[in-house]
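Residue numbers (the UniProt record's numbering): 1 to 541. Each residue gets a CB set at the ideal place from its N, CA and C atoms; glycine is no exception.
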DNA sequence: ATAGGGTTAG
């Protein structure tokens, strides 16, 4: 071996090589000293020459969770494989667990370790089930693994069923969920708080809020996690107001249980979807009172909530006062500026972020590109899009291509946008076609609009949801009412697109409207004002 | 000895 490799170079080697190099260059891995001694001072002896008993005697020292990337984990992993230590169920289980907690969370890594353990213990099974369940692509495998575990005669403990239930966030199968709920009685974990909380979430994930509510009401004890998971679940189901109501109920009913950062983040997430400035301000006050004001996660949600409530100045203030910011803080702020139409500021912030030495990720680029598209900054957008792969090594995904299509289309370069779709390396989705289609409507290009709708028809058989609404509006604009009727009739029967909703926060009361709604007590007055506004706008144009 | 709930994505 010539010279010394850097840690980054070692990382690229196969695991087996990494281990042998790591033996001679162990000092490169600061995490190694965490593993054995918990101190950062350099030891005379490479840590792995310490005999196995260290792993057994001081299992807590295997605090792999303190590594923050696979880079730290890899040499340790490599060493345990080469030395055969991973065959020890305890060591392997710790490593299994760390592959779930350390990004990039990849269940196939977890599984390859799991399959090499000679006698998996309960911890190994649990860790494996959790890894499968929490990744949507593999969540259905979690149930098979559970069945396998039972066949091997291993009894589940109070963690197994809740882990298994985590898979229902994506599989959403109420019948199977009920079955597992029933088996919690068989195994005697039905009154375990953790199990109950997870069962509750399962019912919400599977679209049975009534049973979930019933379970919640009947629970003798609830802890912060129970409350938090109800709040976040409600918000995920789109019931943001209800989520905030539960948050307030928690503060009244269970004043012993104080919200923590996770609770605050969930509540603020609900708040940002609601876009209510009043609620955001209340939560901000609450954040100050509870002393979580400096928490990065919480601040990021607060920035988002202010931005989505239209108060970009407050969002910026929260951002500016942060002493420590992570990538999400920048991304959220850029996104907020983009949403509020400050494209120029968003790009400026992006370049500031780069100057600060932060590396953008794929989501950051979605934020920046959508800023360009909303502000009509075509050239900047192209430049940034090209820099993704060239300067940052991030290959654009469907969403990024979608931003570019939108960028061209909004700016009126309809043909260029169409050509861009044709040159994409992947199949466009309905949303992408939809953004071009609606631009055709805005710029009055009926010909291209029909061409696109034919392509949508051929790929999805029938025009569904939002796309058909856009197309029918396009026909309506050019006075082709027969075509409008044709599309509307086609939409009947299959349920079509759920009706559009909008809401507004007036002095703390959220007023909600559905398309064509005449039920609001002030409907007449609202319509009168609306007509007046329409006339005023016509005058301006 | 040990595992739950949380942010950004037109």
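Legend entry - Spatial distance of residue 141 from residue 350 (CA atoms): 40 Å
Legend entry - Environment of residue 393 [buried if 16+ CB atoms lie within 10 Å]: exposed
Legend entry - Residues near residue 384 in its chain [Cβ-Cβ closer than 6 Å; skip 5 each side]: So the list reads 368, once near-sequence residues are dropped.
Inset, instruction - State the start and end residues of the unbroken alpha helix (DSSP H) segment that holds residue 268. - result: 261–274
Inset, instruction - On a CA-only basis, which of 411, 133 and 426 is nearest residue 401? Give me that one, please. - result: 426
Inset, instruction - Note down, in chain order, each residue of its chain lying with its Cβ closer than 8 Å to the Cβ of residue 361, except the 5 sequence neighbours on either side. - result: 327, 331 and 394
Inset, instruction - Could you name the residues that DSSP lists as bridge partners for residue 123? - result: BP columns for residue 123 are empty, so no partner.
Inset, instruction - Please go through the same chain and pick out, in chain order, the residues whose beta-carbon is closer than 6 Å to the beta-carbon of residue 475, but skip the five residues on each side of it. - result: 483 and 484
Inset, instruction - Evaluate residue 406 with the Cβ neighbour count: other Cβ atoms within 10 Å of its Cβ, from every protein chain shown; 16 or more gives buried, anything less gives exposed. - result: buried
Inset, instruction - Measure the C-alpha to C-alpha separation of residue 173 and residue 323 and round it to an integer number of angstroms. - result: 44 Å
Legend entry - Residue from 144, 275 and 370 with nearest C-alpha to residue 344: 370
Inset, instruction - For residue 187, name the three-state secondary structure that DSSP assigns. - result: coil
Inset, instruction - Taking residue 312 and residue 340 to be in contact with their CB atoms under 8 Å, please state how far apart those CB atoms are, rounded to whole angstroms. - result: 4 Å
Legend entry - Residues of its chain near residue 380, where Cβ-Cβ distance is below 7 Å and the 5 sequence neighbours each way are ignored: 347 and 372
Inset, instruction - Answer yes or no: do residue 441 and residue 411 have a C-beta to C-beta separation smaller than 7 Å? - result: It is not a contact, given that the beta carbons lie outside the stated cut-off.
Legend entry - Close-in-space but distant-in-sequence residues of the same chain around residue 531 (CB under 8 Å, 5 per side omitted): none
Inset, instruction - Please specify which runs of the beta strand (DSSP E), each continuous and at least 3 residues long, are wholly inside the stretch 384–461, giving them in chain order. - result: none
Inset, instruction - Using three-state DSSP, classify residue 91 as helix, strand or coil. - result: helix
Inset, instruction - Kindly indicate which three-state DSSP category residue 244 falls into: helix, strand or coil? - result: helix
Inset, instruction - Just the C-alpha distance for residue 247 and residue 286, rounded to the nearest angstrom, thanks. - result: 11 Å
Inset, instruction - Measure the Cβ-Cβ separation of residue 203 and residue 212 and say whether it is below 7 Å. - result: yes
Inset, instruction - Quick one: give me the first and last residue of the alpha helix (DSSP H) that residue 307 is part of. - result: 296–308
Inset, instruction - Report buried or exposed for residue 265, applying the criterion of at least 16 other Cβ atoms within 10 angstroms of its Cβ. - result: buried
Legend entry - Environment of residue 423 [buried if 16+ CB atoms lie within 10 Å]: exposed
Inset, instruction - Within 10 angstroms of the Cβ of residue 528, are there 16 or more other Cβ atoms? Answer buried if so, exposed if not. - result: exposed
Inset, instruction - Going by CA-CA distance only, name the one from 387, 390, 106 and 452 that's closest to residue 419. - result: 452
Legend entry - Chain-order list of residues whose beta-carbon lies under 6 Å from that of residue 571 (same chain, five-residue window excluded): This structure does not reach residue 571, given that the chain is present from 1 up to 541, and the question cannot be answered.
Inset, instruction - Determine the burial state of residue 445: buried for a count of at least 16 other Cβ atoms within 10 Å of its Cβ, exposed for fewer. - result: By the 10 Å Cβ count, residue 445 comes out buried.
Inset, instruction - Say whether the stretch 235–243 touches the stretch 214–222, bearing in mind that this needs 3 or more beta-carbon pairs closer than 8 Å, one atom from each stretch. - result: With the cut-off at 8 Å, the stretch 235–243 and the stretch 214–222 do not touch.
Inset, instruction - Report all residues from its chain with a CB closer than 6 Å to the CB of residue 226; omit the five preceding and five following residues, and keep chain order. - result: 197
Legend entry - Residues that DSSP places opposite residue 504 in a beta bridge: Answer is 511.
Legend entry - Simplified DSSP state of residue 116, which is helix, strand or coil: Coil, per DSSP.
Legend entry - Local Cβ density within 10 Å of residue 91, reported as buried at 16 or more and exposed below that: It is buried - the Cβ of residue 91 has at least 16 other Cβ atoms within 10 Å.
Legend entry - Residue burial classification, residue 138 (beta-carbon count within 10 angstroms, cutoff 16): Classification of residue 138: buried, given that the 10 Å Cβ count is 16 or more.
Inset, instruction - Report back the beta-carbon spacing between residue 409 and residue 435 to the nearest angstrom; my notes put them in contact at under 8 Å. - result: Confirmed, Cβ separation roughly 6 Å.
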